[in-house]
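As they're listed, the protein sequences go chains Y and B.
All residue numbers for the first sequence refer to the working numbering, where the first residue is 52 and numbers rise by one.
All residue numbers for the second sequence refer to the working numbering, where the first residue is 55 and numbers rise by one.
Heads up, the thing below is written out as structure tokens.
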Amino acid sequence: MSRYFTEDHEWIEVNGSVATVGITDYAQEQLGDVVFVEVPESGKELTKGDDAAVVESVKAASDVYAPVSGKVNGGNAALADDPSLINTDPEGEGWFFKLDLSDAGQLDGLMDDAAYKEFVASL
Amino acid sequence: MSMNSQGRPTRSEGAEMNAAQETFTGNRALILEEKLIFESGSIDRTGIDLPAAPDAPSKLGGLERTVDIGLPGLSESETVRHYTRLSRQNYGIDLGFFPLGSCTMKHNPRLNEKMARLPGFADIHPLQPQQTVQGAYRVIDELADWLKTLTGMPAVAMSPKAGAHGELCGVLAIRSALEARGDAREVILVPESAHGTNPATAAFAGYKVEDIPATKEGRVDLDALVARLGPDVAGVMITNPNTCGLFERDMKKISDAVHAAGGFVYCDGANFNAIVGKVRPGDLGIDAMHINLHKTFSTPHGGGGPGSGPVVFSQALAPYAPLPFVEKQGEEYRLVEEENAEEHHASSFGRMVAFHGQMGMFTRALTYMLSHGADGLKQVSEDAVLNANYILRSLEDVLDAPFAPSGPCMHEALFSDKGFADGFSTLDLAKGLIDEGFHPMTMYFPLVVHGAMLIEPTETESKDAIDEFVGALRHVVSAAKAGDANLKAAPHHAPRRRLDETMAARKPVLVYKDSEAAT
Numbered sequence: 052m053s054r055y056f057t058e059d060h061e062w063i064e065v066n067g068s069v070a071t072v073g074i075t076d077y078a079q080e081q082l083g084d085v086v087f088v089e090v091p092e093s094g095k096e097l098t099k100g101d102d103a104a105v106v107e108s109v110k111a112a113s114d115v116y117a118p119v120s121g122k123v124n125g126g127n128a129a130l131a132d133d134p135s136l137i138n139t140d141p142e143g144e145g146w147f148f149k150l151d152l153s154d155a156g157q158l159d160g161l162m163d164d165a166a167y168k169e170f171v172a173s174l
Numbered sequence: 055m056s057m058n059s060q061g062r063p064t065r066s067e068g069a070e071m072n073a074a075q076e077t078f079t080g081n082r083a084l085i086l087e088e089k090l091i092f093e094s095g096s097i098d099r100t101g102i103d104l105p106a107a108p109d110a111p112s113k114l115g116g117l118e119r120t121v122d123i124g125l126p127g128l129s130e131s132e133t134v135r136h137y138t139r140l141s142r143q144n145y146g147i148d149l150g151f152f153p154l155g156s157c158t159m160k161h162n163p164r165l166n167e168k169m170a171r172l173p174g175f176a177d178i179h180p181l182q183p184q185q186t187v188q189g190a191y192r193v194i195d196e197l198a199d200w201l202k203t204l205t206g207m208p209a210v211a212m213s214p215k216a217g218a219h220g221e222l223c224g225v226l227a228i229r230s231a232l233e234a235r236g237d238a239r240e241v242i243l244v245p246e247s248a249h250g251t252n253p254a255t256a257a258f259a260g261y262k263v264e265d266i267p268a269t270k271e272g273r274v275d276l277d278a279l280v281a282r283l284g285p286d287v288a289g290v291m292i293t294n295p296n297t298c299g300l301f302e303r304d305m306k307k308i309s310d311a312v313h314a315a316g317g318f319v320y321c322d323g324a325n326f327n328a329i330v331g332k333v334r335p336g337d338l339g340i341d342a343m344h345i346n347l348h349k350t351f352s353t354p355h356g357g358g359g360p361g362s363g364p365v366v367f368s369q370a371l372a373p374y375a376p377l378p379f380v381e382k383q384g385e386e387y388r389l390v391e392e393e394n395a396e397e398h399h400a401s402s403f404g405r406m407v408a409f410h411g412q413m414g415m416f417t418r419a420l421t422y423m424l425s426h427g428a429d430g431l432k433q434v435s436e437d438a439v440l441n442a443n444y445i446l447r448s449l450e451d452v453l454d455a456p457f458a459p460s461g462p463c464m465h466e467a468l469f470s471d472k473g474f475a476d477g478f479s480t481l482d483l484a485k486g487l488i489d490e491g492f493h494p495m496t497m498y499f500p501l502v503v504h505g506a507m508l509i510e511p512t513e514t515e516s517k518d519a520i521d522e523f524v525g526a527l528r529h530v531v532s533a534a535k536a537g538d539a540n541l542k543a544a545p546h547h548a549p550r551r552r553l554d555e556t557m558a559a560r561k562p563v564l565v566y567k568d569s570e571a572a573t
């Protein structure tokens, strides 16, 4: 199992051919208190870069992009009732959706933990 | 703490407020603590005596309501007092400085009100015979002339009722023009420095929205925009002056590039106040632009009156402008509508509103123009820009102004929260300003700046008023930088302490529910 990061402050954890996607701790801190989340429906085909989910905080509404291409394999239903999970546990319980990867090769362009930390420090 | 039936605290909360400061009633001097209207009076009380309903057989076939309707029961005087007390807790431009960036909260001249209340304007109906409302049509036509002259554009649609409605009008005209040449383009480009309504409008009109980044100096990245142009791009929506408070210097180059690629240029004219009489958008190659009469031309807004967003069009888009519009034929004004549009306006994309637009706002805006004259309108924009630059330079030593090195700002000054103590945010600063008696500025917008504070003084504030605001803001900024715990708990003196905005958004209570009333 390995975890990757994007410059849009999303994380993606890959377990076999299934990837779990969420936003990073840095992203939730920038957003502030999250008040609404919309996750994609299962079965939806996403191409890398597509708008996949919506996250709305007291400050702003943002799109969450598909970090890689794939077919949605479940969204995190718990977020509808308790969007604060994104603030309290963004890189765990606050995951957004799972994807069946269609092209594992796309993972190669993403950052690992150390590279992402360096990226955030540079902002 | 005393709570009302909705579980909200009914009086100001604050541990540091000692018992001696609390009053028995919860009122503070003659500022009265006001209950919800549903919590006042009683259901059996009315303002008017009516005879009891006659005992007649019901014709509703068992569908009659069997429980109370749950309406509040107050006498006329209680009702008047309720709303008057609430109005005393409201804050508006007639009470004080209102520095909301991008909102152009300027003074609403009383002469405008006097003119709008003339019976010949106030007491007419849109369905009256046209011969009986020639004066009103003349107002619409003369205002249209002013707007066309000030923008250097050949046509104007007067009917759109607000800024975003005007944006939709412009984008629908672009869509119609493209359809007329059989060109199915799908994408509208929106720079980061544009108003948030621009991408919303493009999406609402069925377009795919793509962002264009801003440069480090806060303007549209021309190279990125030109690189993205192509046969799928219907147009761009640009706000100029933009939300960083800067003039888009490359506007003409942008327009030329978009036109060369077969697209159209929409300009969000919400910030027109900075350039009236200085720049004609038509000269910059713009195809459509809405004008917020309720910002630039001083008609009331923000609860004080409806918006009005006429849209000016280039020659290329003019044939697609919506109905209806007023036209002068000889000495007579007439309305061009569906019935007579085929004569010379057959390509119109249709109608956006039932009638002619916001007549009351047209009268106010024309009054404003006539009372200022062309030279006065030019001075309005000069003074608005001067005031904003005065604020920018009066605060840049204590607040981070990311685009200050880009040169003078236009009508609004933008700052970031850089340098605040850990845990202190723009929100804390805003609450501190409320304690000081100022409405906060626009916050967290535009998104290109961290913890953004966007301040627009407009030309109607005096130097004294701005100095007072700057003094208060400098005081609150120093508290935010020092990490003053008092600021974190602000506001201390408002009718309510800091509200839980997160809870209000996550679990909003939108409807009054009383267990005994019908649902």
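For every residue, glycine included, the Cβ atom is placed at its ideal position computed from N, Cα and C.
> Got a sec? Which residues, its chain only, sit under 7 Å from Arg388(B) by beta carbon, not counting five neighbours each side?
Replying inline: As a first step, residue 388(B) is located in the second sequence; it is residue number 334 there, counting from the start. If we look at Arg388(B) and ignore the five residues flanking it on each side, its Cβ neighbours are Gln184 and Glu381.
> Any beta-carbon of chain Y closer than 8 Å to the one on Tyr498(B)?
Replying inline: Translated into positions along the second sequence, residue 498(B) becomes position 444. Chain Y, which has a Cβ nearer than 8 Å to the Cβ of Tyr498(B), makes this yes.
> What are the boundary residues of the beta strand (DSSP E) that includes Lys262(B)?
Replying inline: Reading the second sequence from its first residue, position 208 is the one you call residue 262(B). Segment Lys262 to Ile266, the beta strand (DSSP E) holding Lys262(B).
>> Contact between the segment 500-512 of chain B and the segment 426-445 of chain B is defined here as three or more beta-carbon pairs at a separation below 8 Å; is this criterion met?
In response: yes
> Just the Cα atoms here: how many angstroms apart are Ser470(B) and Phe301(B)?
Replying inline: Here residue 470(B) refers to the residue found at position 416 of the second sequence. Here residue 301(B) refers to the residue found at position 247 of the second sequence. Whole-angstrom Cα-Cα distance: 19 Å.
>> Any beta carbon of chain Y sitting closer than 8 Å to that of Val563(B)?
In response: To locate residue 563(B), count along the second sequence from 1; it is residue 509. Not closer than 8 Å to any Cβ of chain Y, the Cβ of Val563(B) fails to qualify, so no.
>> Can you pull out the residues from the segment 79-102 of chain Y whose beta carbon lies closer than 9 Å to at least one beta carbon of chain B?
In response: Gln81, Gly83, Asp84, Val85, Val86 and Phe87
>> Residues of chain B with CB closer than 8 Å to the CB of Pro134(Y), please, in chain order.
In response: Residue mapping note: residue 134(Y) aligns to position 83 of the first sequence, counting from 1. Those are Arg560, listed as they occur along chain B.
> Just curious, the alpha helix (DSSP H) that Ile308(B) is in, first and last residue?
Replying inline: Within the second sequence, the letter at position 254 stands for residue 308(B). Here the alpha helix (DSSP H) through Ile308(B) covers Met305 to Ala314.
> Is the beta carbon of Tyr145(B) within less than 7 Å of some heavy atom of the ligand HEM?
Replying inline: The ligand HEM is absent from the structure shown, which contains no ligand whatsoever.
> Within the 8 Å Cβ cut-off, does Ala129(Y) reach chain B?
Replying inline: In the first sequence, counting from the first residue as 1, residue 129(Y) sits at position 78. No, Ala129(Y) lies away from the interface with chain B (no Cβ there is under 8 Å from its Cβ).
>> Could you pull the DSSP bridge partners for Val287(B) from this structure?
In response: Numbered from its first residue, the second sequence carries residue 287(B) at position 233. According to DSSP, which records beta bridges pairwise, Val287(B) is partnered with Val241(B).
> Using 8 Å as the limit for Cβ to Cβ distance, is Ala179(Y) near chain B?
Replying inline: As shown, chain Y starts at 52 and ends at 174. That puts residue 179(Y) outside it, with no answer to give.
> Any idea what DSSP makes of Leu553(B), helix, strand or coil?
Replying inline: Position 499 of the second sequence holds residue 553(B). Looking at Leu553(B) - three-state DSSP - the assignment turns out to be coil, as it is neither helix nor strand.
> What are the residues of the segment 486-519 of chain B that lie near chain Y, defined by any Cβ-Cβ distance shorter than 7 Å?
Replying inline: Tyr498 and Leu501
>> So with CB distances below 7 Å, who are the chain Y contacts of Thr556(B)?
In response: Working through the second sequence from its first residue, we reach residue 556(B) at position 502. Result: Asp84, Val86 and Val109.
> Leu279(B) and Lys306(B): beta carbons closer than 8 Å?
Replying inline: The count along the second sequence starts at 1 and reaches residue 279(B) at position 225. The count along the second sequence starts at 1 and reaches residue 306(B) at position 252. The answer is no: Cβ separation not under 8 Å.
> Which whole-angstrom value is the C-beta distance of Leu201(B) and Pro373(B), which I expect to be below 8 Å?
Replying inline: Residue 201(B) sits at position 147 when you count from the first residue of the second sequence. Residue 373(B) sits at position 319 when you count from the first residue of the second sequence. That pair is no contact at about 18 Å.
> In three-state terms, what does DSSP make of Thr77(B)?
Replying inline: Against the second sequence, residue 77(B) aligns to sequence position 23. Of the three classes helix, strand and coil, the one that applies to Thr77(B) here is coil, per DSSP.
> Looking at the C-beta of Gly68(B), does it have a partner C-beta in chain Y at a distance below 8 Å?
Replying inline: As a first step, residue 68(B) is located in the second sequence; it is residue number 14 there, counting from the start. Any reading at Gly68(B) must be qualified, since the residue scores a pLDDT of 48, below 50, and its modelled position is unreliable; the value itself is stated next. Cβ-Cβ to chain Y under 8 Å: no for Gly68(B).
> Which stretch, first to last residue, makes up the alpha helix (DSSP H) that contains Leu130(Y)?
Replying inline: Here residue 130(Y) is taken as the residue at index 79 of the first sequence, counted from 1. Residues Ala129 to Asp132.
>> According to DSSP, simplified to helix, strand and coil, what is His529(B)?
In response: In the second sequence, counting from the first residue as 1, residue 529(B) sits at position 475. His529(B): helix per DSSP, three-state reduction.
> Is Val503(B) buried or exposed, if buried means 16 or more other CB atoms sit within 10 Å of its CB?
Replying inline: Residue mapping note: residue 503(B) aligns to position 449 of the second sequence, counting from 1. It is buried - the Cβ of Val503(B) has at least 16 other Cβ atoms within 10 Å.
>> Quick check on this structure: which residue in Val106(Y), Asn127(Y) and Ser93(Y) has the alpha carbon closest to the alpha carbon of Gly83(Y)?
In response: Working through the first sequence from its first residue, we reach residue 83(Y) at position 32. When each option's Cα is compared against that of Gly83(Y), the closest is Val106(Y).
> Which full runs of the beta strand (DSSP E) of 3+ residues lie inside the segment 383-443 of chain B, going along the chain?
Replying inline: 386-390
> Taking only runs of the beta strand (DSSP E) that begin and end inside the segment 472-534 of chain B, which ones reach a length of at least 3 residues, in chain order?
Replying inline: 507-509
> For Tyr137(B), does the count of other Cβ atoms within 10 angstroms reach 16, so buried, or fall short, so exposed?
Replying inline: Residue mapping note: residue 137(B) aligns to position 83 of the second sequence, counting from 1. Label assigned to Tyr137(B): exposed.
> Does the distance from the C-beta atom of Gly119(Y) to that of Ile63(Y) stay below 8 Å?
Replying inline: What you label residue 119(Y) is simply residue 68 of the first sequence in a count that begins at 1. What you label residue 63(Y) is simply residue 12 of the first sequence in a count that begins at 1. In the sequence as presented, Gly is not what sits at residue 119(Y); that position holds Val. Yes, these two residues count as a Cβ contact at 8 Å.
>> Contact defined as beta carbons within less than 8 Å: I believe Ala288(B) pairs with Gly317(B). What is the distance between those atoms, to the nearest angstrom?
In response: Within the second sequence, the letter at position 234 stands for residue 288(B). Within the second sequence, the letter at position 263 stands for residue 317(B). Right, the Cβ-Cβ distance comes to about 6 Å (below 8 Å), so this counts as a contact.
> Quick one, are the C-beta atoms of Leu347(B) and Ala419(B) less than 8 Å apart?
Replying inline: To locate residue 347(B), count along the second sequence from 1; it is residue 293. To locate residue 419(B), count along the second sequence from 1; it is residue 365. Contact: yes.
>> To the nearest angstrom, how far is the alpha carbon of Ile505(B) from that of Ala438(B)?
In response: Within the second sequence, the letter at position 451 stands for residue 505(B). Within the second sequence, the letter at position 384 stands for residue 438(B). In the sequence as displayed, the identity of residue 505(B) is Gly instead of Ile. Distance between the alpha carbons of Gly505(B) and Ala438(B) is about 24 Å.
> With a CB to CB cut of under 6 Å and the five nearest residues on each side skipped, what residues in its chain are close to Ser230(B)?
Replying inline: Residue numbering aside, residue 230(B) sits at position 176 when the second sequence is read from its first letter. Closer than 6 Å at the Cβ level, and outside the excluded window around Ser230(B), lie Tyr374 and Phe403.
> Do Ala248(B) and Asn296(B) have their C-beta atoms closer together than 8 Å?
Replying inline: On the second sequence, position 194 is the one that residue 248(B) refers to. On the second sequence, position 242 is the one that residue 296(B) refers to. For Ala248(B) and Asn296(B), yes; Cβs fall inside 8 Å.
> When burial is assigned at 16 or more other CB atoms within 10 Å of the CB, is His60(Y) buried or exposed?
Replying inline: By 1-based counting over the first sequence, the position of residue 60(Y) is 9. Buried, by the Cβ-count rule.
>> For a test of the three-state rule: what should DSSP assign to Met212(B), helix, strand or coil?
In response: The residue given as residue 212(B) occupies position 158 in the second sequence. Residue state, collapsed to three classes: coil.
>> Taking only three categories from DSSP, how would you classify Thr71(Y)?
In response: Position 20 of the first sequence, counted from the first residue, corresponds to residue 71(Y). Correct three-state label for Thr71(Y): strand.
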